[in-house]
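Written below as structure tokens is the structure these notes are about.
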Amino acid sequence: MKALVRMVKVPLQGWNRDGAPLVTMEIREGEFVLLLGNNGSGKSSLLNLISGLSLPESGEVFIKGNAISRMSEHQLRQWRSRIGMIPSDPVILEDYTIEENLQLTALLLGKSVQEAASNARECAALCGLEPELKRKGSELSVGLKKRLVIARSLVNQPELILADSPMEALDNDAQEEFLYICTKLAQIGYPIVMTSSYPLPFEIRALRVFNLNEVQK
Amino acid sequence: MISTAERAKRSLKTGKRTFFLVVAILSLAFCLLGQMVLSFYSFYQAHRGVMGDEATIFIDPTLNDKETEKLVQKIQSLTPASSMREIQPADVLEKDILKLVEARKKVPLILALQFPADVSVSEMREHAADIKKMKGVEAVTANFEWIEKRHTLREAIALGIIALAVPTVLLVAMLIVQSSLRLRSFMSDEQRLFGMLGASRFSICAPQMLVAFWASLLSCLFGSMLLALSLWGSIPLLEEAFEVKLLADVQTCAAVIALIALMTIFATVFSSMVAASLTKPLKF
């Protein structure tokens, strides 16, 4: 499998801080990777680096062989538009319905009107949101918002999905449901990088765990 | 499907109060700018016909026509942009004529040399001295003391205009930037989210640019009405009291206002685009 993202000697937490442990890792196509670490161990910062939302001050991040620090603002935007982002807080557009949230995202990420409409319906169906399509974002529970964020991360048919502590604030059933969706996505071929402060409560096949607590030691 | 206009409308629902506050601020800014530009433009229009200062040249009456013509050409080549006209003896007071004629028993040729409006007093003095040295010129007179006072007054007015215009334009620019930031306040969540997801810069900025366009258009309309009311209330009274014409004609005023409106709309939309594109994307 080809390496989609390669991080070479990237410092964890505060960039380039003296004594910060250096991370070198690869994310290959079709992989489901779990970044495990305590609060403040630098999980979200690594996701910011992978997505180009932050740039490394030392070390380097390579996206399909291209150094991220040499990419222009436009190239970084283009790379982000090919990533499915699932932030820890389910940030959605509250005044828009589920369908509109999905369609608008697809449109703004470069899909045509027809593609945006069909992708929105498909992704909503994949995440079990089809009966809720006309409900406004402000009326949704946290669980539904999380599902919407997952569906939204798929509308642009991403090359990589980044999920930051997605299971926080979810009850057991919702966690199981979320992991079921993730496993399904990994089986379809979406590479996923997920962060968590604790080991997953359910066993998932083909999951690669990268323990940041061990790196720090 | 959700268009940019629809996105702008939805954002406005949450930021109605801010939007109307921005419209109110920009209307006042537009009115202030309009007042200033119209006053200065009208002042310029009223004074641009004013000619420069004059010097009087007395030519030796014993010169024949050819010699006189040559001398006049020489004077004109020294001050190319100036105009020259002959003053008829009938236009001069009798006692002055007698003073000029004296023993010569002949009326000299009197020429009025009018310098262009942009010639400084020191340059005029130099020109006068040079002309005086020419053969055939009997005397050159000009009231330089009075001319100097007039120039000082003109410079003071120009400085006054700059002193008023610069802070006014800066104030209006500041209000436009502040308005753009206010508009961003209720649109930044969407901008931050789509910045994170990797949407293009234009698609992120477009709704705010559209809202800024609506706000500035409304402001120009309200501002123009406010301006018309304030001018209609004050100018006729001032014109009557001081017996002067303070404003240019209605069409000219309308054209000036339309130009300021276009500039205000462009500045507001541009400033909003910059404000929106500076919004930092959401991070993990």
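First to last, the protein sequences are chains A and B. Numbering of the first sequence is given in the numbering used here, commencing with residue 1 and proceeding in unit increments. Numbering of the second sequence is given in the numbering used here, commencing with residue 1001 and proceeding in unit increments. Cβ coordinates follow ideal geometry from the N, Cα and C atoms, glycine included. Computed from a predicted structure; not experimentally measured.
| query | result |
| --- | --- |
| Does the CB of B:Ser1188 have a neighbour CB from chain A at under 9 Å? | no |
| Between A:Asn66 and chain B, is the shortest Cβ-Cβ distance under 9 Å, so that the two count as touching? | no |
| Taking any Cβ of chain A, which residues in the segment 1189-1206 of chain B have a Cβ under 7 Å from it, in chain order? | Glu1190, Leu1193, Phe1194, Met1196, Leu1197, Gly1198, Ala1199, Ser1200 and Ser1203 |
| To which residues of the same chain is B:Met1036 closer than 6 Å at the C-beta, ignoring the five residues directly before and after it? | Thr1168 |
| Note down, in chain order, each residue of its chain lying with its Cβ closer than 7 Å to the Cβ of B:Ser1082, except the 5 sequence neighbours on either side. | Leu1113, Gln1114, Phe1115 and Pro1116 |
| To the nearest angstrom, report how far apart B:Ile1166 and B:Phe1186 are at their CA atoms. | The residue asked about is misnamed: residue 1166 of chain B is Val in this sequence, not Ile. Rounded to the nearest angstrom, the two C-alpha atoms are 31 Å apart. |
| State the Cα-Cα distance for the pair A:Trp15 and A:Lys134, rounded to the nearest angstrom. | Reliability of the predicted coordinates at A:Trp15 is poor, the pLDDT of 46 falling under 50, and the value obtained from them is presented with this limitation in mind. Approximately 44 Å between the Cα atoms of the pair. |
| Taking just the CA atoms, how far does B:Leu1175 sit from B:Gly1198? | 31 Å |
| Can you check whether the C-beta of A:Glu100 is within less than 9 Å of a C-beta belonging to chain B? | yes |
| Taking the straight line between their C-alpha atoms, what separation do you get for B:Ser1219 and B:Ala1024? | 7 Å |
| For A:Leu4, which option in A:Ile150, A:Ser138 and A:Leu162 has the closest C-alpha, if you only look at C-alpha atoms? | A:Leu162 |
| Rounded to a whole number of angstroms, what is the C-alpha to C-alpha distance between A:Phe210 and B:Phe1213? | 50 Å |
| Closest to A:Ile86 by C-alpha separation, out of A:Arg77, A:Glu168, A:Val215 and A:Tyr198, would be which residue? | A:Glu168 |
| Is there at least one Cβ from chain A nearer than 9 Å to B:Leu1001's Cβ? | The residue asked about is misnamed: residue 1001 of chain B is Met in this sequence, not Leu. So, interface residue. |
| Alpha carbon to alpha carbon, what distance is there between A:Met194 and A:Leu213? | Note that residue 213 of chain A is Asn in the sequence shown, not Leu. So the two alpha carbons sit approximately 15 Å from each other. |
| Are there three or more Cβ pairs, one per stretch, closer than 8 Å when the segment 1272-1282 of chain B is compared with the segment 1202-1217 of chain B? | yes |
| Check A:Lys111 in the structure and name its three-state DSSP category. | coil |
| Is the CB of B:Arg1184 under 9 Å away from at least one CB in chain C? | Absence of chain C from the displayed structure is noted, the protein chains being A and B. |
| In angstroms, rounded to a whole number, what distance separates the CA positions of B:Leu1183 and B:Leu1032? | 21 Å |
| Using a Cβ distance threshold of 8 Å, determine whether the segment 1037-1047 of chain B contacts the segment 1237-1253 of chain B, with at least three qualifying pairs required. | yes |
| Using beta-carbon positions only, say whether A:Ala120 and A:Leu102 come within less than 9 Å of one another. | yes |
| Output the boundary residues of the alpha helix (DSSP H) element that contains B:Ala1158. | Phe1144 to Ser1185 |
| Would you say B:Pro1309 faces chain A, with C-beta separation under 9 Å as the test? | For residue 1309 of chain B there is no data in the structure shown, the boundaries of chain B being 1001 and 1284. |
| Measure the alpha-carbon distance for B:Arg1017 versus B:Ser1011 and round it to whole angstroms. | 12 Å |
| So which residues of chain B does A:Met85 contact, with C-beta pairs closer than 7 Å? | Met1196 and Leu1197 |
| Starting from B:Lys1016, find everything on chain A with Cβ-Cβ shorter than 7 Å and list it in chain order. | Near B:Lys1016 there are no residues of chain A at all, since even the closest Cβ is about 13 Å away, more than 7 Å. |
| Looking only at its chain, what residues have a beta carbon closer than 8 Å to the beta carbon of B:Glu1155, apart from the 5 residues adjacent to it on each side? | none |
| Look at the alpha carbon of A:Gly110 and the alpha carbon of B:Ala1228, and state the distance between them as a whole number of angstroms. | 47 Å |
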